[in-house]
Structure formats: C-alpha cells, structure tokens
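Each residue of the sequence shown is one higher than the one before, starting from 41 at the first, in the numbering used here. We put the CB at the ideal spot given by N, CA and C, even for glycine. The structure appears right after this line, and notes come after that.
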Amino acid sequence: MQDFGLGEYKSINAYVAAKTASLKSETVSFATLFEKMFSEKDNILYERSAGYRVETTTYGQAREEALRLAGAVKAALPDAAQNAVVGLAMNNSVEWIELFWAILAAGFCPLLVNLRLPQDAVERALCDAGAAAVISEERQYSVLTIRFSDLPAAEPLVLPAAFGEELWIMSSGTSEHIKLCAYSAQEFYYQILSSYHIIRQCKAIKQHTDGKLKLLTFLPFYHVFGLIAVYIWFAFFSRTFVHLEDMAPRTIVNTVKRHRVTHIFAVPLFWEKVYEQAMRTVRARGEEEKLEKGLRIARVIGDVPLIGKAFIRKAFAPVREQLFGESIRFLITGGSMISKEALSFFNLIGYPLANGYGMTEIGITSVELSGSCRVRSAAFIGKPLAGVEYAISEQGDLLVRGKVMARRVMIDGQLVPREEWFHTQDLAECVRGRYRLLGRRDDVVIASDGENLNPALLEPAFAGEDIAGAALLGVRQDESVEPVLLVSVSRALTSARFEALQARVRETAQAVRRAKSLKKIVFVTDPLMEAEEFKLNRACLARRLAKGEFTVASGESFADTLQNDDPRLARVREMFAFALGKESGDVRDNADFFLDEGGTSLDYFALISALQEEFSVAFPTQEGKSLNSVAALYTFLCEGDHAD
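Structural data, given as structure tokens:
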C-alpha cells in the first residue's frame, strides 16, 4: 500500500502548496523553519542499515532529540554569548541533523566544518569566524572541542527559545583562500520557495517509489549542495534520507537497492566514474555495439511520448539493474562541469540526470528542469530559479543576483562588500533562455602568443585508455605563465604501452585546433585528485608541479612482471586477481589495487584476509597505503620476519 506521507492532502502539489503557504504566513526565522521542518512527526526522516535490520528515525523523534541536545549544548557552553559561533564537525548522520538544529535552538550560530579541508585551513576558518567551540565526532581543534559523545546530560530545551540568527558555510577549498559564507533564515526561506517552483515545474523530481521518496546522503551536509539541495529542500517537505556508510562502489549500489533509493544528488566526478565503469563492463562482455545501437535509437525517439519511454524502459533494463536498479526516479549533478557523454548516457538509459548550479556564496540558483532527454543531455544548467536572475557580462562571465545569496562573505577574516551582481568567474552562454557553462575564467591559461586555452574545452580530448586524468595548468616561469598539460597515467602500463600512450597524447595535442600553443606535456604516475576531493584544484596542481612534487613517468617507471619463479608469487597474483574478479594474466604486478584496477575497500579486505589465511602472515589492513599491488604484497611476504 502506497503512503506518500501527505497527511490530509490528496496530491503532492496540494501538500507542497499548503506547506509553503503556511511558511509564508509567519515571521521568517530559524525557529519557524524548525517547527515547519518537523511538523509531520510520523514521517520517516532517516533510515540506515544495521546488519539485517533497517533502523528508522521519525521527524518527531528527531525533533525531541534536537531539543534534548540543545539543552546539552547550552549546558556545555554556559558562558558563550547569544549568536556565538559553534563549529559542527561531523559526517552525515541523523545526529548531524539533530545537532545542527540543537546549536541553533541553543541560541548559537553553527559553523559547518568542511571535513575534506586540511586541518590548518579549518583552523584558520575557526579563527576568522571567532568560533567559541567545536562539537566534533572525533577530531580535536585548537578552540574548545567537545566530543559529541561527551555532551552532558541536560533537560530538553523548552520552546519558544531565542534561536541563533545565522549559520556559516565553508567554501570547498578549490581556491587558495577559504571563504566563509553566512546565511540567515531569510535566504533559506527563499531557497525553499525555489524548491516549491521546482516541484511544480518538474514531474520527474517529485516521483516516488512505492509511495516513498528517499534521498541517498552522498553529498556532505556541510557542503552548500548537500545542505540546501539535499537536506533543506527535501526535509522541509518531510522526505526520507538514507544513510551511506562509505563511498565504496559496492556500498553505494547495495544501499540504493536495499533501501529503494529514489533520488541521488552527486558531483560530476561520481557520475563520470559510474559511466566509465559501466562502459568497461559493457566492453568486457562484448556488448558495446549493441549498447551504442540502443543509445542511437533512444536519441531519436527518447522524447516521443509513450513510444520513447517504453523503448528505454525495456531496452536498457539490464543496464539499470547492473547500476542502481529500478527505484531511481531523479538524479542531479552539480559543483563543476560534467561531460555531455555521461549526461547523455544516464538520461538515455532511463535515469533522468539533471545539471544544477550553485556556489557557496550564492546558494543553489538553477536546475535543468526540462522533461526532454535531449535538453537534459545538452549540459544546460537550466533557467534561474524563482527569485534569481542571471546575466552574462561583456567578458562572458555568469553574473547572479537574488534573495537566496549569502548575506555575508568573509575571506581571510575580512568581510567582503556584497555587490548587487555576484561575479561567479564561470564562463557561460545563454541559448534560448537556458544557460550552459563553458569553464572557469581563473582556469583559462593565456599562452605567450596571446591565445586563451580553456581547460574545459581542451581536457576532454585527452581522455582515453590508460589515462587516469589530464589537467591543463598555467605554471609560472619567471615573469610569464607557461601552459602545461599534466597527464596522470596508469601504473599498470608496460613500457611499450606507455610509449604508445605518449605518442597518442602528443598527436592529439597537435590535432586539436585550440591546443596549438600547448608545447609542454608532463606525464606523472600520481593521481591528480586526493581521495577526498570532488573536483580538480588546478591552482594547487600548478604549485605542486612547480615545486617538483610529482613523480614524473618514464619508460623505466613500468615493468611487465616480476621475474621470479617463486610459487608464492604466482599464488599472490592469483588471489589478487580473484579479489578483483579477473584472471591472473590480466593484472600487472605493479598495478594499484584501487587506482588502476578499480578495487573497493571490501574487495581489499577480502584479499588481505585470504592472504593471511593462506600464508599465516599478518598483513596490514590499511588499504590505500602501500601494500596495494602484487609486487608490494609479495615483497612484504618475502621479508620473512612477520610470522612472529
């Protein structure tokens, strides 16, 4: 039996209209938002897997716990002034949600600590904001740090209470300076009104499965997209969030299928990786031609009423089952540019994937809401949402203004004056009212001959087999800036394949019209992004390259196999390959389990357990450190002093 959690209302539109109207009728404050957010007390706010069980928390239970925690926070900070800044340093969880509201209800202003930033950057941000304390899951900070588990017992806060007046969000750190952006309840109010218009305009985004709408908690709540587009937009209408334990591909797939997740909002990197893995699987099965034929047909008839949807539903059912199953109703990408190939793939196989836009300084300002596969696949970020205006400057930059934007921005401890139009530094174009990004102005490299080299237009040309990533950088040389293409290559290459790859990349550079000024290409074996990063930080890569911090690849960097007849080596190869679902002859001895072969944490732990049982040797289990290849595991095994 379906249960949409709409109370007395018979349709989603009626429910959304009524709840939004009730918000408009009252004075806007975080106290008002709190009451509206938790008004459907019996609806499920959060669910997570606990072994064979699924644990759930209702909105009513979360409300009671938030008020209890508010009393505990006040008791822990008896001398903190009203609207003092209190850091919240935790990963996504129902406890994060409860503590976020508890800090506000206690009269303080939450500073959402970005756990993916370096510790020194976070410390500067805490200092700039004048934080009185941080409530942390585990990390220790230079200001007063209170572990969440150590919050004192206290009586629940009694409403009404003087809530904090604003919250602070940290920028993602892709620039040299961490920005702090302050939002009040007023800006959240307008973001919620924007979501109302999204729901009214887009049929796909409000679709449920079995009467439930469930969002995967992929994006961190401390990020502007995770906070607004995931949490605020959907919690206001009392939908359900599904806990994601870790980022391992198998965990994501299993969580989506077990909980019947309907919505996933993620960064382009995630969708690109899923797309690449899907295509690798198709090629390995010899089904690439069949898939391409189906995609060609879908491009032609995908938007034809009834016929198009029926074809897509039937033709790509096996592909969807391999990915996330049939519960998915809507997907959003945002945070940086995504390739048209990935966008087109998801939309054509029956997973509506929309491109969105926003920044820490301006909130979420647009989402492509078209019901057309063709339009969604064209990489538009849509039209500005209600209460938001876009314009394009004479230089081609996207300008934004509206009531959803941060009320204050602080850089290096200094408040930056807010102008009427915010200059995003994103290059954009407008096509019949829809906007599309063309790259970042500060990423554009001006060559010595005056040619502008845009990474967003050049880098896709260099994607291909054995290339882990490519980044066009401007590296300072004395008084000039030199364009350099940094190419990260797989460590599973042979010397011959590396030479062929070099030749292929150089031929591409000569063939691409926009790359005529590109004279220097550097091949490295290091990844271009750290595990916790969502997008390329080209400025940081340029600094690292200038300092010589990369491992430059050469023919000597690669070896086919270890020349050894030891039967233990053959066994390690066999077990390494088995953990990856491959044949031993398909895995190079120096291939990295994660970076080159795409293994997951669960796969790695299974491998280590099998090796320990086979050889009675205690292998370290910290995946991603050093023992990630056949060669490294065999060398460790041969050291001979582990048995004790």
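- If the five residues before and after serine 62 are omitted, its C-beta is found closer than 8 Å to the C-beta atoms of Lys76, all from its own chain and listed in chain order.
- Straight-line spacing of the CA atoms in arginine 156 and glutamate 539 works out to 36 Å.
- Non-local beta-carbon contacts of glutamate 195 in its own chain, meaning distances under 6 Å to residues more than five positions away in sequence, involve Gly111 in chain order.
- Residue Thr257 holds the alpha-carbon nearest to the alpha-carbon of threonine 291 among Glu312, Arg164, Val322, Thr257.
- Cβ neighbours of leucine 477 within its own chain (closer than 8 Å, five residues either side excluded): Met377, Tyr397, Ala419, Ile421, Leu438, Asp466, Leu467, Ala468, Ala496.
- The continuous stretches of beta strand (DSSP E) do not include aspartate 168, which lies in the alpha helix (DSSP H) extending over residues 159-169.
- For glutamate 332, the uninterrupted alpha helix (DSSP H) run begins and ends at 328-341, by DSSP.
- Non-local C-beta neighbours of arginine 279 in its own chain, meaning closer than 6 Å and more than five positions away in sequence, comprise Leu253, ordered along the chain.
- In the DSSP assignment, glutamine 435 falls outside any alpha helix (DSSP H), carrying neither H nor E.
- The DSSP-derived three-state label of proline 150 is strand.
- Around the beta carbon of serine 520, fewer than 16 other beta carbons lie within 10 angstroms, which makes this residue exposed.
- In chain order, His217, Lys219 place their CB closer than 7 Å to the CB of isoleucine 451, counting only its own chain and leaving out the 5 sequence neighbours on each side.
- For alanine 106, the uninterrupted alpha helix (DSSP H) run begins and ends at 99-116, by DSSP.
- Following the DSSP letters along the chain, one finds lysine 297 inside the alpha helix (DSSP H) bounded by residues 289-299.
- With fewer than 16 other beta carbons inside 10 angstroms of its own, alanine 90 counts as exposed.
- For tryptophan 141, the enclosing alpha helix (DSSP H) stretches over residues 134-145.
- Aspartate 483 counts as buried, since at least 16 other C-beta atoms from the protein chains shown sit within 10 angstroms of its C-beta.
- Restricted to the segment 476-536, the alpha helix (DSSP H) segments that are unbroken, complete and at least 4 residues in length are 495-498, listed in chain order.
- In this model, glutamine 435 and asparagine 630 are separated by some 48 Å (Cα to Cα).
- Using a 10 angstroms sphere on the CB of asparagine 492, the tally of other CB atoms stays under 16, which defines it as exposed.
- A check of alpha carbon separations from proline 118 across Phe148, Trp141, Asn83 identifies Phe148 as the nearest.
- Put simply, the segment 342-351 does not touch the segment 228-241. Fewer than three CB pairs are less than 8 Å apart.
- In the three-state DSSP reduction, isoleucine 52 falls in the helix class (H, G or I).
- Judged by their CB atoms, leucine 259 and tryptophan 311 are not nearer to each other than the 9 Å cut-off.
- The DSSP-derived three-state label of glutamate 539 is helix.
- Below 8 Å, too few C-beta pairs join the segment 607-617 and the segment 500-516 to call them touching: fewer than three.
- The shortest C-alpha to C-alpha distance from glycine 442 to any of Glu429, Thr548, Thr185 is the one to Glu429.
- Beta-bridge partners assigned by DSSP to histidine 463: Leu439.
- Valine 407 has Gly396, Lys423 as its beta-bridge partners, per DSSP.
- For tyrosine 86, the enclosing beta strand (DSSP E) starts and ends at 84-90.
- Per the coordinates, the alpha-carbon of alanine 244 lies some 12 Å from the alpha-carbon of glutamate 408.
- Contact check for leucine 541 against aspartate 566 fails: the beta carbons are separated by 9 Å or more.
- Serine 376 is bridged by DSSP to nothing; it lacks a bridge partner.
- Listed as beta-bridge partners of lysine 219 by DSSP are Ile451.
- Under the 10 Å beta carbon count, arginine 325 is surrounded by fewer than 16 other beta carbons and is classified as exposed.
- Distance between leucine 393 and arginine 164, taken at the CA atoms: about 37 Å.
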